[in-house]
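Count the sequence shown with this note's numbering and you get residues 1 to 282, in order.
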Amino acid sequence: MPMIKAIVAAALFAAMVPAIAAAQTEVPYRYAATTPRNCVDRAKFPAFLARMKAEAAAQGVGQRGLAALDGVTFDESVVSHDRGQKVFTQSFEEFSGRMVPPRLGRARQMMQKHAQLLARIKQEFGVPPGLIVAIWGLETDFGAFLGGFQTVRSLATLAYDCRRPEKFRPELVAVMKIVDRGDLDPATARGAWAGEIGQTQFMPTTFVKFAIDYDRDGRIDLVHSVPDVLGSTANFFKNNDWQRGQGWQPGQPNFAAIQQWNQAEVYARTIAYFAQQLEGGR
Numbered sequence: 001m002p003m004i005k006a007i008v009a010a011a012l013f014a015a016m017v018p019a020i021a022a023a024q025t026e027v028p029y030r031y032a033a034t035t036p037r038n039c040v041d042r043a044k045f046p047a048f049l050a051r052m053k054a055e056a057a058a059q060g061v062g063q064r065g066l067a068a069l070d071g072v073t074f075d076e077s078v079v080s081h082d083r084g085q086k087v088f089t090q091s092f093e094e095f096s097g098r099m100v101p102p103r104l105g106r107a108r109q110m111m112q113k114h115a116q117l118l119a120r121i122k123q124e125f126g127v128p129p130g131l132i133v134a135i136w137g138l139e140t141d142f143g144a145f146l147g148g149f150q151t152v153r154s155l156a157t158l159a160y161d162c163r164r165p166e167k168f169r170p171e172l173v174a175v176m177k178i179v180d181r182g183d184l185d186p187a188t189a190r191g192a193w194a195g196e197i198g199q200t201q202f203m204p205t206t207f208v209k210f211a212i213d214y215d216r217d218g219r220i221d222l223v224h225s226v227p228d229v230l231g232s233t234a235n236f237f238k239n240n241d242w243q244r245g246q247g248w249q250p251g252q253p254n255f256a257a258i259q260q261w262n263q264a265e266v267y268a269r270t271i272a273y274f275a276q277q278l279e280g281g282r
């Protein structure tokens, strides 16, 4: 998951934000946030950053990547968002009915606008255009809403917090690797509170594994480059056992690959349903 693109009307943007936020925060996490908010000593955060620099350096991260942690401070608002998550309770019918119909028209426009690019992606990776565009729409409304949190600061905060450090410390090292190779500017990188990057919301470890320079300009840009965004998304599926020409509805061979994108059953089914609509209802 450009930085935030302008939307046609401010009122339309305001109307979309709650639905997008639900797609980005409610669905992937299916647990109650019960960990106490003040479970770590904020005063020791700089020492933690120094340890993370040492760990990253041991993994080959150079000075540019290590400098991404310079001056980073603990973000209380990220902790508040992490603690504020609720168990997702909407049915598939409720969630898909809220998320898909408002995006169908725009999705079809994107299918036409980027038809040549999507056809090349399908030929190379075997992933249908409808699936890629459905994910693009559900994650950030086609790049319109990426979030305003400082990416490195968010990841550093969650890596230090006591709730899920084993998940976020590898993500923090990964984002330092991305910065080190020149594919992300830590000073301007903004996104969702959990550190997702770009228009289809790659976590940094996913970025390192699957993001590609599909526009062949010498760098990977999942924020501004639509070819990089869509090509990288297709590459994710290709490397998660997507079977060319097979179906993707629940019970069909490729549904498991969609669940690798998002393990929440309701979200995975909504992706499959949205893609089906874009592919002509097949």
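Ideal placement from N, C-alpha and C gives every residue a C-beta, glycine not left out.
>> Within the continuous alpha helix (DSSP H) that includes V298, where are the two ends?
In response: No information on residue 298 is available, as it lies outside the stretch 1 to 282 that the chain covers here.
>> For A57 and G247, I'd like the C-alpha separation in whole angstroms.
In response: 44 Å
>> Since D180 and G65 should fall inside the 8 Å C-beta cutoff, what is the C-beta to C-beta distance between them, to a whole number of angstroms?
In response: 3 Å
>> Contact defined as beta carbons within less than 8 Å: I believe M287 pairs with F142. What is the distance between those atoms, to the nearest angstrom?
In response: Outside the shown range of the chain (1 to 282) lies residue 287, about which nothing can therefore be said.
>> Along the chain, where does the alpha helix (DSSP H) containing R153 start, and where does it finish?
In response: Unbroken alpha helix (DSSP H) run through R153: T151 to Y160.
>> On the DSSP letters alone, give me the boundaries of the alpha helix (DSSP H) that S283 sits inside.
In response: There is simply no residue 283 to check, as the chain begins at 1 and stops at 282 in what is shown.
>> Quick test of the definition: if touching needs 3 or more C-beta pairs under 8 Å, does the stretch 81-96 touch the stretch 200-216?
In response: no
>> What does DSSP give as the partner residue(s) for R190 in the beta ladder?
In response: Q150
>> Quick check on the burial criterion: 16 or more other C-beta atoms within 10 angstroms. Buried or exposed for N262?
In response: buried
> Among H224, D183, Q249 and G231, which one has its Cα closest to the Cα of G218?
Replying inline: The residue among H224, D183, Q249 and G231 with its C-alpha nearest the C-alpha of G218 is D183.
>> Tell me which residue opens and which closes the alpha helix (DSSP H) that P204 is part of.
In response: P204 to F210
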